[in-house]
Each structure stands twice: as C-alpha cells, then as structure tokens.
Amino acid sequence: MTDRGDSRKPHSRAVLGALWATVAVFLAVLAVLALRVGSGQDPALRARAAATPLPPRKVLVRRIYERRVIVHLPASSPPQPMQASQQVSGAGGYASSLPVTRTS
Amino acid sequence: MSPVHDTTFHSMGSDVRLIIEQPLLPGLERPAVAAERERGYVEDFAARLSRFRPDSELCALNADPAHEVRASLLLRTAVAAGVWAADRSGGLVDPTLVGEIEAIGYQDSQDGCTPAPLADALAAAPPPRPARPRARARWRQIEIDHERGTVRRPPGLRIDTGGTGKGLAADAVAHRLRGYTRFVVDCGGDIAVGGVGYELEPIAIEVEHPLTGECVHTLRLARGGVATSGLNVRIWRRADGTFAHHLLDPSSGEPVWSGLIGATALAASALEAETLSKLALLGGPEGARRALAEHGGVIVHDDGDVELIGPIGVGGRGWAHAIGSAA
C-alpha cells in the first residue's frame with residue numbers, strides 16, 4: 012500500500028510539470044503575438060492586406076474645348092442689309108423678322 | 113402661335129422696336145395698347161435725358177451751379193446707371209466725358225447724319241491700343257440721394273447718360289411689360305427679352321456685322337439683355353481731316369482705336385449688356401475676351417474677322433447660347 016502511494020507521486024509530478032510547461036509555452040506565444048500586434052505587425056491583417064489587390068487608381072482626364080470661329084468677310088463685299096426691322100404690323104400678326112442687335 | 117404686336121418707331125436717335133404678345137394675366141391691356149403706352153414712355157424718357165435738348169432735365173442738371181440739385185426719379189436712376197456702369201467697367205465707361213466728346217466734334221445729335229466710311233477711318237487710325245480709365249475718376253464724385261431726391265456733384269462736372277441710356281430704357285420698358293407672355297424691347301440694338309414664353313422657347317437674335325451689315329451670328333435668348341457697340345455709326349471726319357467717333361479713351365479724351373470695331377455682349381440685363389459691350393470694345397481683343405467670358409459675346413476685329421467668346425463660343429451653357437453661325 013505504501014508503494015502505491017509512492018508510485019503515484021512521481022506520476023502526478025510529471026503531469027503537473029507538463030501542465031506548467033504547456034501554460035508557459037502558451038503564455039510565451041501569447042506574449043510574442045501581443046508584442047507583434049501592439050507594434051502593428053498583426054500577421055492576420057498583413058496577410059489579408061497582401062491578399063487584397065489594390066483598386067486601380069482613377070485618373071481624371073479633363074479636356075477643355077475652346078472653339079473659336081473666325082469668319083472672313085471680303086472687305087469689298089457690298090453692304091447687305093439685314094431683314095427689315097422697321098416693318099410695323101398690327102395686333103393679330105406675327106413677328107415678321109428677327110430682332111437684330113447692331114451699333115446705334 | 114400667339115398673336116404678336118410688332119411695332120417700330122424712331123426715338124433716342126435710333127429705331128426702337130417693341131414685340132409684345134398676349135397678357136399673361138387678365139385685366140392687362142391688349143399688346144397694341146401696351147405698345148402705344150410704352151412708346152410714350154420711351155419718347156418721354158428720351159426727351160428728359162437728352163444731352164442735345166437744352167430743355168431736358170439732364171441739361172438742367174449739368175447747367176446748375178449748385179453742388180446739390182433736385183432731380184426726378186428718372187434722372188436719378190439714369191445718373192445712377194451711368195455711375196454703376198463706370199464702376200462695373202473699372203472706369204472705362206465713363207459718364208463724365210462730356211467736355212471731351214464735345215471737343216472732338218460731337219456737340220449735336222448725329223441722328224440722320226451719314227457716318228464717315230469706317231474703312232477709311234481704320235486706314236488712317238493709329239496703332240491699336242486699349243483704352244484706360246482716367247487716373248482721377250470724376251464719376252466717383254457723383255452721389256445720388258434718393259431720400260432727398262437730389263444729385264450731388266462738383267459744380268461744372270457734367271454728366272452724359274447717353275452711354276447707358278438705351279440699355280436702361282430697354283430694361284425699364286421690359287420691367288413694365290412683365291405681365292405679358294413674351295416681349296422684346298429693342299432700343300437701337302440694345303435689347304431686353306422677357307416673358308415666360310421665351311423661357312420655354314428662346315428667341316433668336318441676329319448680330320449685325322459693322323462693316324458689311326450681314327448677320328454674322330444668331331443668338332438665342334430666354335431672358336436678359338444683349339447689346340452691341342461699334343464704330344460704324346457715330347463716326348465723322350474732323351476739320352483737320354482726321355476721323356473721330358463717340359467711344360472715347362477716358363485717359364486721353366480721344367477716340368479709342370483698340371483693334372476692334374464692334375462688340376456684342378450678353379448679360380442679365382440690357383444695361384449690363386450695353387456696359388459690357390462698350391467695355392469690350394474699349395478694352396481691345398484681350399480686354400474683350402475677359403469682359404465677355406462670363407455671359408458670352410461676339411467681337412469684330414478691325415480686319416473684319418468675327419470671334420465668338422464665352423458661353424456662346426462653346427455652345428449652350430446658361431440661359432443664352434448660340435444656335436448657329438451665318439458666316
């Protein structure tokens with residue numbers, strides 16, 4: 012009976028040692044991970060970021076159109092009066108010619 | 113289509129045309145009656161503000177030796193418009209150049225006079241140079257007091273409201289016609305357009321070339337104003353054989369030869385359009401491009417070339433845009 016008690020003691024001591032070793036390893040790994048996460052080197056995030064392709068950069072192209080119309084009129088051409096704007100029509104008629112903006 | 117009343121009469125030294133459509137609200141006069149009423153308004157406006165009529169309110173103001181002179185609402189408004197134009201143009205459209213313009217030979221109305229050939233005047237003109245404002249702006253000394261009903265200015269400082277008179281008259285008549293579906297008030301080419309009908313279907317307005325009389329462009333206007341300034345009508349030969357016209361460089365008091373012979377401007381009102389067209393012509397090509405950039409316009413170079421500027425040059429921005437070019 013006494014031997015049974017003696018033989019159980021080393022066994023429980025080994026189990027206890029393994030348990031402590033496991034806890035120590037776990038705490039060590041946890042400390043390492045905590046340090047890395049704290050310093051911004053989260054391996055999960057880095058892997059995720061590396062796996063996500065960057066969206067293509069948008070390049071905005073603006074085109075400015077300037078249209079300049081140069082009308083060449085022969086200097087020798089005789090004056091051609093525009094549509095008559097002196098015409099008088101009474102009510103009930105319709106505007107007979109377009110308004111003209113000119114030097115006055 | 114709605115019935116249109118379209119009438120033309122002579123006033124302010126040029127043709128005035130009124131196009132009026134049906135009233136928008138019941139109770140307003142028929143377009144023909146409204147046109148006759150507005151004709152009376154324009155003729156009264158012209159008589160009271162004429163620089164050439166000794167009995168006009170403007171001449172009475174200019175002759176009054178007092179520093180502060182009583183003035184009617186119309187005269188105060190016309191003087192205020194002249195000061196506004198001077199301020200808007202940085203002093204280039206100056207309403208105080210009466211002595212200068214009389215000195216170069218424009219003492220009396222040139223209504224009905226045959227203008228000197230512009231081509232001859234251009235051939236004899238000095239190298240182009242844009243106008244500049246007077247170093248000491250006299251127009252800043254003018255004060256309008258609507259509460260006291262007076263105008264204050266140094267005695268002897270004469271005012272000419274003619275540079276902005278047609279635009280102001282067009283705007284005033286347009287304001288009086290605001291109850292009609294469509295209306296066009298054309299005071300010698302300074303035009304105000306209004307009415308809900310033109311908001312829906314803008315009116316076409318032709319731009320006349322100052323050398324050939326041809327239509328060089330067609331604008332489309334829903335509301336606001338358009339005006340043209342040019343050298344081809346008020347131009348004459350002086351006794352010494354040189355040519356003069358009515359658009360003066362304020363810095364020299366002499367006619368400006370800026371490289372442009374005509375400028376058409378679009379704006380929110382006829383008064384502003386008239387101011388911008390004068391500013392453009394006085395400022396030469398570069399000044400005109402700046403002056404007309406916002407609302408758009410047309411300039412005619414002294415070699416006859418036509419250039420479209422601003423919104424009308426790129427087509428269809430804002431409330432006024434080009435619908436075509438009749439080159």
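From first to last, the protein sequence lines stand for chains A and B. Going by my numbering, the letters in the first sequence line up with residues 12 to 115, in that order. Going by my numbering, the letters in the second sequence line up with residues 113 to 439, in that order. All C-beta atoms in this analysis are idealised placements derived from N, C-alpha and C, irrespective of residue type, glycine included. Computed from a predicted structure; not experimentally measured.
At least one CB of chain B closer than 7 Å to the CB of residue i: is that the case?
| i | result |
| --- | --- |
| Leu65 of chain A | no |
| Gln113 of chain A | One point to set straight first is that residue 113 of chain A is Arg, not Gln, in the sequence displayed. Chain B contact via Cβ: present. |
| Met93 of chain A | Low per-residue confidence applies at Met93 of chain A: pLDDT is 37, beneath 50, and the placement is therefore not dependable, though the value from the model is reported in the following sentence. Interface residue, yes. |
| Ser88 of chain A | Only weak support is given to the placement of Ser88 of chain A: the predicted model assigns it a pLDDT of 43, under 50, and the value that follows is read from those uncertain coordinates. With 7 Å as the cut-off, Ser88 of chain A counts as an interface residue toward chain B. |
Return yes when the Cβ of residue j is within less than 7 Å of the Cβ of residue i, no when it is not.
| i | j | result |
| --- | --- | --- |
| Val412 of chain B | Gly374 of chain B | yes |
| Trp348 of chain B | Ala228 of chain B | yes |
| Ala286 of chain B | Ala339 of chain B | no |
| Gly416 of chain B | Leu404 of chain B | no |
| Val116 of chain B | Glu133 of chain B | yes |
| Leu394 of chain B | Leu204 of chain B | yes |
| Leu130 of chain B | Ala158 of chain B | no |
| Gly125 of chain B | Asp223 of chain B | yes |
| Gly399 of chain B | Pro242 of chain B | yes |
| Val440 of chain B | Ala281 of chain B | One cannot answer for residue 440 of chain B here, as it falls past the ends of chain B, which runs 113 to 439. |
| Asp283 of chain B | Ala382 of chain B | yes |
| Glu320 of chain B | Arg113 of chain A | yes |
| Gly309 of chain B | Arg294 of chain B | yes |
| Gly342 of chain B | Pro322 of chain B | yes |
| Pro135 of chain B | Tyr292 of chain B | yes |
| Leu333 of chain B | Val297 of chain B | no |
| Arg160 of chain B | Phe121 of chain B | no |
| Arg350 of chain B | Gly261 of chain B | no |
| Arg264 of chain B | Glu180 of chain B | yes |
| Phe355 of chain B | Ala231 of chain B | no |
Quick check: is the beta carbon of residue i nearer than 7 Å to any beta carbon in chain A?
| i | result |
| --- | --- |
| Pro322 of chain B | yes |
| Gly274 of chain B | no |
| Val296 of chain B | yes |
| Val338 of chain B | yes |
| Ile411 of chain B | no |
| Val319 of chain B | yes |
| Ile424 of chain B | no |
| Ile303 of chain B | yes |
| Ala146 of chain B | no |
| Gly300 of chain B | yes |
| Ala316 of chain B | yes |
| Ser78 of chain B | Look at the range of chain B in this structure, 113 to 439, and you will see that residue 78 of chain B is not part of it. |
| Val128 of chain B | no |
Per DSSP, residue i is paired with what?
| i | result |
| --- | --- |
| Thr120 of chain B | B:Arg129 |
| Asp302 of chain B | B:Cys299 |
| Arg264 of chain B | B:Glu180, B:Glu255 |
| His357 of chain B | B:Ile347 |
| Val410 of chain B | B:Thr376, B:Leu420 |
| Gly336 of chain B | B:Val305 |
| Ser341 of chain B | B:Ala375 |
Take every Cβ of the segment 236–245 of chain B, pair it with every Cβ of the segment 320–335 of chain B, and state whether three or more of those distances are shorter than 8 Å.
-> With the cut-off at 8 Å, the segment 236–245 of chain B and the segment 320–335 of chain B do not touch.
Can you pull out the residues from the segment 341–356 of chain B whose beta carbon lies closer than 9 Å to at least one beta carbon of chain A? Against chain A - using a Cβ distance shorter than 9 Å - the residues of the segment 341–356 of chain B are Ser341, Gly342, Leu343, Asn344, Val345, Arg346.
| said: Under 8 Å, CB to CB, which of the residues in the segment 356–385 of chain B have a partner in chain A? | reply: The residues in question are Gly374, Thr376.
Segment contact, 8 Å Cβ cut-off, at least three pairs: the segment 249–256 of chain B with the segment 162–170 of chain B: Between the segment 249–256 of chain B and the segment 162–170 of chain B there are fewer than three C-beta pairs closer than 8 Å, too few to call the two in contact.
* **Three or more C-beta pairs below 8 Å linking the segment 300–307 of chain B and the segment 200–215 of chain B** => Contact between the segment 300–307 of chain B and the segment 200–215 of chain B is absent, because fewer than three Cβ pairs lie under 8 Å.
- prompt: If we count Cβ pairs, one from each stretch, closer than 8 Å, do we get three or more for the segment 267–286 of chain B versus the segment 184–201 of chain B?
  reply: The segment 267–286 of chain B vs the segment 184–201 of chain B: in contact.
Checklist entry - Which residues, in chain order, does the segment 263–287 of chain B contribute to contact with chain A at a C-beta distance below 8 Å? => result For the segment 263–287 of chain B, the set of residues with a beta-carbon nearer than 8 Å to any beta-carbon of chain A comprises Lys278, in chain order.
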